[in-house]
Amino acid sequence: MVKSSFFVVAMYVNLALLILVLLSLGPSRPSRPHRSHRRLKLRPADGTPAPGDRRIPFDPIIADIELRLDHREWERAHFPSIVRAPPAEAQPEWERFMDAEDYINDEGRFNVFRRIALLFPKIDVGPADGFLTSEELAEWNLKQSEKEVMHRTRRDMDLHDTNRDGFISFQEYKPPSRLRRLIDNKTAGWWKEDHFYASDMDGDGLLNLTEFNDFLHPADTSNPKLIEWLCQEEIRERDKDKDGKLNFEEYLTGLFHLIRNYDEVYSSTHESDTSNEIPAKKIFSQLDLDNDGFLSADELRPVIHDLHPSERYYAKQQADYVLSQADTNKDGHLSLQEMLDNPYVFYSAIFEEENDFIYHDEFR
Numbered sequence: 001m002v003k004s005s006f007f008v009v010a011m012y013v014n015l016a017l018l019i020l021v022l023l024s025l026g027p028s029r030p031s032r033p034h035r036s037h038r039r040l041k042l043r044p045a046d047g048t049p050a051p052g053d054r055r056i057p058f059d060p061i062i063a064d065i066e067l068r069l070d071h072r073e074w075e076r077a078h079f080p081s082i083v084r085a086p087p088a089e090a091q092p093e094w095e096r097f098m099d100a101e102d103y104i105n106d107e108g109r110f111n112v113f114r115r116i117a118l119l120f121p122k123i124d125v126g127p128a129d130g131f132l133t134s135e136e137l138a139e140w141n142l143k144q145s146e147k148e149v150m151h152r153t154r155r156d157m158d159l160h161d162t163n164r165d166g167f168i169s170f171q172e173y174k175p176p177s178r179l180r181r182l183i184d185n186k187t188a189g190w191w192k193e194d195h196f197y198a199s200d201m202d203g204d205g206l207l208n209l210t211e212f213n214d215f216l217h218p219a220d221t222s223n224p225k226l227i228e229w230l231c232q233e234e235i236r237e238r239d240k241d242k243d244g245k246l247n248f249e250e251y252l253t254g255l256f257h258l259i260r261n262y263d264e265v266y267s268s269t270h271e272s273d274t275s276n277e278i279p280a281k282k283i284f285s286q287l288d289l290d291n292d293g294f295l296s297a298d299e300l301r302p303v304i305h306d307l308h309p310s311e312r313y314y315a316k317q318q319a320d321y322v323l324s325q326a327d328t329n330k331d332g333h334l335s336l337q338e339m340l341d342n343p344y345v346f347y348s349a350i351f352e353e354e355n356d357f358i359y360h361d362e363f364r
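The numbers in full-length UniProt numbering rise by one with no breaks, and the one at position 81 of the sequence shown is 81.
Right, dumping it as structure tokens:
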């Protein structure tokens, strides 16, 4: 035990020395032609991620910049007539730049090598052994994601809480009648009272911050009522004959391809409808617990998180991806040196050559 503790202490002494060297000397990379280099890229600040873009910022500084820029766009969209007074509190250094991307690409102020060296021990906590596992990276990603999600929930709550009592009523949140007429049948369930009250875990008829967050992000909930609502919505959207359950055809055409955890019985090389039926029937029979030839809402519970992946799922997916890209010796975890050798796996960047820009988003 003493020997093990000595090893960990010695390891982090060496790590601290490496960080000091990085801070004092800056990046020691081989020189490159002036016309060819990487440029870090921020997500668009329009509040609407591109389809399939679930990228979670690795660096809290990047996350904070993106969140602040996104919030400004959100304020302009919802409160265009309000002129904001200069903030009283001290502003981050990047605020002094006309373009935030200029700040993160100024190596004297934001250096990816220094940032990785500083963040490494904050991620390496389970246990602190000098290596990052997929699980440690996933937990780190999840923390960044949850911070962003809760920020959006708080501002939506501020927008809808018209009486400023700290709660959301259904009357405060439901869309105006003119908008309800435009909502198609597929999305109507999100505006119905059963969705709202399924999110009301304590049954007081109002949503507090936690309940409102569940309402907006039901895939991440642990509320049994809301999970039941999600299952019922899956039935409602695909139940063509309106009998309250799914027969095999309704399941095959509307649900089967959305179930993610079927790799053992389904191969991507099987593309024809005929070949799909064999693995589809196997999964159907596994879900059909009462063997009545139909799937009920309760029988969808085992796969509801495959149909509605949570933030934890995406955090783990991204962790597995960066591990596969930066783990050069393929030992299943990352050393600090491997991360320093592959910094742009963790920071979204474009490759700039003269005036030509080729976009490389690592998490699309």
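Think of the CB as a built atom: it goes at the ideal place given N, C-alpha and C, for glycine as much as any other residue.
Arg39 carries a strand assignment under DSSP once its states are collapsed to helix, strand and coil. Going by DSSP, Gly254 is part of the alpha helix (DSSP H) stretching over Phe248 to Gly254.
Here Leu142 carries a helix assignment [DSSP, helix/strand/coil]. The C-beta distance from Tyr251 to Phe284 rounds to 6 angstroms, short enough to meet the 8 angstroms contact threshold.
Here the alpha carbons of Ile304 and Leu323 stand approximately 27 angstroms from one another. Cβ-Cβ distances below 6 angstroms link Gly254 to Arg238 in the same chain, with the five nearest sequence neighbours on each side left out; the list follows chain order. Nearest in C-alpha terms to Tyr347, of all of Ala326, Glu249 and His151, is Ala326. Residue environment analysis places Phe215 among the buried positions, since at least 16 neighbouring C-beta atoms fall within 10 angstroms of its C-beta. Looking at the backbone, the Cα of Pro343 and that of Glu277 are separated by about 44 angstroms. One Cα belongs to Ala138, the other to Leu132, and the distance between them is close to 10 angstroms. Looking at the DSSP output, Leu207 shares a beta bridge with Ile168. Between the C-alpha atoms of Leu67 and Glu75 there is a straight-line separation of about 12 angstroms. Cα atoms of Pro224 and Phe110: separation of roughly 45 angstroms, rounded to the nearest angstrom. The residue from Ser145, Arg155 and Phe113 with its alpha-carbon nearest to that of Ala77 is Arg155.
CA-to-CA, the gap between Ile259 and Gln232 works out to about 16 angstroms. Here Glu73 is actually not in contact with Glu311; their C-beta atoms are around 22 angstroms apart, not less than 8 angstroms. Assignment of beta-bridge partners to Leu287 by DSSP yields no partner.
Nearest to Val112 by C-alpha distance, out of Leu142, Arg39, Phe196 and Glu135, is Arg39. A residue is called buried when at least 16 other Cβ atoms come within 10 angstroms of its Cβ; His257 does not meet this threshold and is exposed.
With fewer than 16 other Cβ atoms from the protein chains shown falling within 10 Å of its own Cβ, Phe79 counts as exposed. Ile62 and Lys316 have their C-alpha atoms roughly 20 angstroms apart. Inclusion of Leu142 and Ile168 in the CB contact set at 9 angstroms is not warranted, their separation being larger than that value. In this structure, the CA atom of Ala128 is about 43 angstroms from the CA atom of Asp161. If you ignore the 5 residues before and after Glu234, its C-beta comes within less than 8 angstroms of the C-beta of Leu255, Ala297, Leu300, Ile304 and Leu307, all in its own chain and listed in chain order. Counting other Cβ atoms within 10 Å of its Cβ, Glu211 reaches 16 or more and is therefore classed as buried.
Burial state of Leu289 is exposed, judged by a 10 Å Cβ sphere holding fewer than 16 other Cβ atoms. Going by DSSP, Val322 is part of the alpha helix (DSSP H) stretching over Glu311 to Ala326.
Separation of Glu107 and Glu172 (C-alpha to C-alpha, rounded to the nearest whole angstrom) is 47 angstroms.
At the C-beta level, Asn247 and Gly293 come within 9 angstroms of one another.
Note on geometry: alpha-carbon atoms of Leu334 and Arg115 lie some 16 angstroms from one another. The beta carbon of His151 sits closer than 8 angstroms to the beta carbons of Leu67 and His71 from its chain, once the five residues preceding and following it are set aside; these are given in chain order. CA-to-CA, the gap between Lys174 and Pro44 works out to about 29 angstroms. Sorting Ser199, Leu209 and Asp204 by C-alpha distance to the C-alpha of Gly166 places Leu209 at the top.
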